[in-house]
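Residue numbering for the sequence shown follows the numbering used here, beginning at 1271 and increasing consecutively. C-beta: ideal position from N, C-alpha, C; glycine also.
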Amino acid sequence: MTAALVCAVEGLDVLLCEKSDRAGGTSATSAGTIWVPGTRQAREAGFGDDGDDVRRYLDSLIGAADDGRRAAYLATGPETVDYLARNSEVKFQLYARHPDYLTNRPGATMAGRALAPVPFDGRLLGADFALVRPPIGEFMALGGMTIGRDDIEPLARPFGSLAHFRRLLSLLARHASDRLRHPRGTRLLMGNALVARLFFSLRRRNVPIWFGASLRELTMREGRVTGAVLSSGGGTVRVTARCGVVLATGGFGGSVERLNDHVRPPLAHAVAFEGAAGDGIRIARAAGAGFEGDHESPVFWTPVSGTGWLRGGRGAFPHLALDRAKPGVIAVNSAGRRFVDEAVSYHDFVLGMHRAHESVPSIPAWLVCDRPALEAYGLGRVPPGRRSLRRYLASGYLVEAPMLDALARRIGADAAGLSDAVERNNRFAASGIDEDFGKGSTDFDRHNGDPRHGPNPCLGPIATPPYYAMALYPSTLGSSVGLRGDADGRVLSAQGVPIAGLYACGNDMASIMRGTYPGPGITLGPGMVFAYRAAMAIAKG
Ligand SMILES: Cc1cc2nc3c(=O)[nH]c(=O)nc-3n(C[C@H](O)[C@H](O)[C@H](O)COP(=O)(O)OP(=O)(O)OC[C@H]3O[C@@H](n4cnc5c(N)ncnc54)[C@H](O)[C@@H]3O)c2cc1C
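Shown next, in the form of structure tokens:
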């Protein structure tokens, strides 16, 4: 969508083809954050992000070798954000605080690099609102109200303060009025706001969009991509592309089958949109494109809990930031033992799960807490606050027991191990130091802890029954490995030569982060920047 929009702004004839019946793919269901260091928004907020710091940070994670794409990304990121703001409704704002994910590395920051799409009023889209893919059911409440991070506390504790109560009333009033006219809430946040803004801007530029139009193959003449064959409306359509074809079919993060070609042990859940099934990569490879597969991790990971019981859900709740880091919440494996700092990023948490699984079965792992922690912070799809747990317990999503040894039996974990893990956790909670895994020892950990809790905002006792457990499985937010590309989004052949007329962006192109996860927004940020660079390269001819 970004590539199409920029091409349209630059005066080219554009056709956007979407396989499904709605716009947005995984992006529409994401948090919508982009990691773009050095923006105008950051400077205006007083974050003079020194380019050297960003480079040191990325070098420490990915290594210093760069095929030119990383430098191009850093150089063009701020320009991309400004260009879109000037020429379209695609607008971003800086998070006041959203740290990099490895704040103990040189050059890391606590804020200034992560931007959120400005919320969008879906009503502006008119009938087109129905064409924006909704967020996953796991992130909505009351039949279609999107819940942003700032909405959680007012919804959980409406009587906690006057401000909470007012906020709740305003959310409910808006949602009730929305539901009289629309199938879901029109207050669009996060990835849904991003996609709605892109879609709105494309409509304003009169860019033709074909829904239900699926790329089948690329047409080529004398080594140059000259167009595409699409299946559409039950037939086949050939489209000629004078300047180029940009692949943006989302990598293969939504297809359990494709993911299992790359990951071990096999996955059961994919939380990304199922339409992101590797089409673009497969079709480009058939046309001679090279594949970059030597990443630290082939995919971007997140732990999920199974929500097959939730109507309208994707079947998996991604445990991104809300529960694992909180005090009084630990993760244990089948030995009943902790195996990782629970507060690390979702990607690193799953890598920890995999490491532990090599010696002790750790898939599933279990989040364990007591009643006060459950009420204070919630767990997965179980929101915080005092409420009936009946449906969560009845579905087996949440496991409850009056004693720790009974909980261990119910989840098939070693009871002595669990008792020891909890005893150690409680000791660490009192001293404020996690001697085993360092939970709460980094700024990033503490950011997602509870700032009101001390001495360590991520460590609290597990001592007040009943006790709870929830199974966690590895899943993915998207694929990292993908097509070989250059700094202008040109797809390279297996020999490293650009294939004339063929471009890729988003997860179709191999990630410049090479399977590491430096911070929030490291897939959508590069996705948009390389879409912009590809469009500009096409426009320049
Ligand atoms: C819960 C969640 C939260 C996330 N939060 C963030 C975040 O905050 N920041 C971030 O950077 N990343 C985030 N991610 C990851 C991010 O959403 C994805 O990496 C990103 O959306 C991929 O974008 P894309 O444009 O490559 O693909 P998509 O957004 O999936 O778009 C691909 C589109 O191509 C279409 N398509 C597929 N095949 C064909 C075909 N043959 N012909 C025509 N069309 C086709 C699909 O239908 C789809 O609409 C999150 C992921 C999840 C699941």
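Distance between beta carbons of G1648 and P1654, contact taken as under 8 Å:
By a beta-carbon distance limit of 8 Å, P1654 contacts G1648. Their separation comes to about 4 Å.
On the premise that S1745 lies in contact with V1541, defined as a C-beta separation below 8 Å, what is that separation, rounded to the nearest angstrom?
V1541 to S1745, Cβ: 5 Å. Contact.
R1716, enclosing alpha helix (DSSP H) - first and last residue:
Under the DSSP assignment, R1716 falls in the alpha helix (DSSP H) whose first and last residues are 1713-1717.
Cβ of N1777 versus every heavy atom of ligand 1: is any distance shorter than 6 Å?
Checking the Cβ of N1777 against ligand 1 gives yes.
For Q1363, which residues does DSSP report across the bridge?
Beta bridge pairing from DSSP links Q1363 with A1386.
Return the first residue and the last residue of the beta strand (DSSP E) that E1670 is part of.
1669-1671 is the span of the beta strand (DSSP E), which, as asked, contains E1670.
Sorted by chain position, which residues of the same chain lie with C-beta nearer than 7 Å to C1287's C-beta, five sequence neighbours on each side aside?
Spatial neighbours of C1287 in its own chain (CB-CB distance under 7 Å, excluding positions within 5 residues in sequence) are listed in chain order as W1480, A1483, L1485, L1500.
Under the three-state reduction of DSSP, which class applies to L1282: helix, strand or coil?
Coil.
Got a sec? Which residues, its chain only, sit under 6 Å from L1580 by beta carbon, not counting five neighbours each side?
Excluding sequence neighbours, L1580 sits near G1407.
If I measure Cβ to Cβ from G1708 and keep anything under 6 Å in the same chain, skipping five residues before and after, which residues do I get?
Spatial neighbours of G1708 in its own chain (CB-CB distance under 6 Å, excluding positions within 5 residues in sequence) are listed in chain order as D1611.
Considering only residues of the segment 1752-1787, which uninterrupted beta strand (DSSP E) runs meet the minimum length of 3 residues and lie entirely inside it, listed in chain order?
The qualifying runs are 1760-1762, 1768-1774.
What does a CB cutoff of less than 6 Å around P1631 pick up in its chain, not counting 5 residues either side in sequence?
In chain order, S1604 place their CB closer than 6 Å to the CB of P1631, counting only its own chain and leaving out the 5 sequence neighbours on each side.
Assess contact between the segment 1274-1287 and the segment 1462-1472, defined as three or more Cβ pairs (one per stretch) separated by less than 8 Å. Is contact present?
Between the segment 1274-1287 and the segment 1462-1472 there are three or more inter-stretch CB-CB distances shorter than 8 Å, so the stretches are counted as touching.
For T1346 and chain D, any beta-carbon pair shorter than 7 Å?
Note that chain D does not occur in the displayed structure, where there is just one protein chain.
Three or more C-beta pairs below 8 Å linking the segment 1355-1371 and the segment 1383-1401
Taking one beta carbon from each stretch, the segment 1355-1371 and the segment 1383-1401 have 3 or more pairs nearer than 8 Å; the two touch.
DSSP three-state label for L1537, please.
If DSSP states are grouped into helix, strand and coil, L1537 belongs with coil.
Does ligand 1 have even one heavy atom less than 6 Å from the beta-carbon of F1800?
Checking every heavy atom of ligand 1 against the Cβ of F1800, none is found closer than 6 Å.
Among the candidates L1674, D1720, P1536, G1461, whose CA atom is the shortest distance from the CA of S1689?
Comparing Cα positions, the closest option is L1674.
In the segment 1602-1635, which residue ranges form an unbroken alpha helix (DSSP H) of at least 4 residues, counting only runs that do not cross its ends?
Listed in chain order, they are 1616-1627.
Of all the options S1615, G1578, A1586, which has the alpha carbon lying nearest to the alpha carbon of R1594?
The shortest Cα separation from R1594 among S1615, G1578, A1586 belongs to S1615.
Rounded separation between D1618 and G1503 - CA only:
If you draw a straight line from the Cα of D1618 to the Cα of G1503, it comes to about 43 Å.
In angstroms, rounded to a whole number, what distance separates the CA positions of Y1737 and A1664?
Y1737 and A1664 have their C-alpha atoms roughly 16 Å apart.
Once the 5 residues before and after A1426 are set aside, which same chain residues still bring their CB inside 8 Å of it?
Apart from the 5 residues on each side of it in sequence, A1426 sits with its Cβ closer than 8 Å to the Cβ of G1648, P1653, P1654, G1655 in its chain, given in chain order.
Which partner residues of W1571 appear in the DSSP bridge assignment?
In the DSSP output, where bridge partners are listed per residue, W1571 has T1746.
Should the segment 1367-1375 be called in touch with the segment 1282-1296, which here means at least 3 C-beta pairs below 8 Å?
No, because fewer than three Cβ pairs between the segment 1367-1375 and the segment 1282-1296 fall closer than 8 Å, the two stretches do not touch.
In whole angstroms, give me the CA-to-CA distance for A1671 and R1608.
Across the structure, A1671 and R1608 are spaced so that their CA atoms are roughly 19 Å apart.
Contacts around G1413, its chain only, beta-carbon distance under 8 Å, and the 5 residues preceding and following it disregarded
Around G1413: R1449, R1454.
Contained alpha helix (DSSP H) runs [length at least 4] in the segment 1387-1469, N- to C-terminal order:
Segments of the alpha helix (DSSP H) lying fully in the segment 1387-1469: 1422-1426, 1432-1451.
Going by C-alpha distance, which of H1589, A1683, R1660, S1749 is nearest R1651?
Nearest of H1589, A1683, R1660, S1749 to R1651, Cα basis: H1589.
With H, G and I counted as helix, E and B as strand and the rest as coil, what does DSSP make of R1375?
Coil, per DSSP.
Which residue comes first and which comes last in the alpha helix (DSSP H) that contains G1797?
G1797 -> alpha helix (DSSP H) spans 1794-1810.
Exposure label - S1701; buried when at least 16 CB within 10 Å
That one is exposed.
For P1568, count the other beta carbons within 10 Å of its own beta carbon; 16 or more makes it buried, fewer makes it exposed. Which is it?
Under this definition P1568 is a buried residue.
Would you identify the three-state DSSP class for I1332, choosing helix, strand or coil?
DSSP, reduced to helix, strand and coil, places I1332 within a helical segment of the structure shown.
Assuming contact is defined by CB atoms lying nearer than 7 Å, are S1749 and G1493 in contact in what I supplied?
The answer is no: Cβ separation not under 7 Å.
Can you round the beta-carbon distance between A1809 and L1282 to whole angstroms, since I take them to be within the 8 Å contact cut?
Contact check for A1809 and L1282: beta-carbon distance about 6 Å, within the 8 Å limit, so the pair qualifies.
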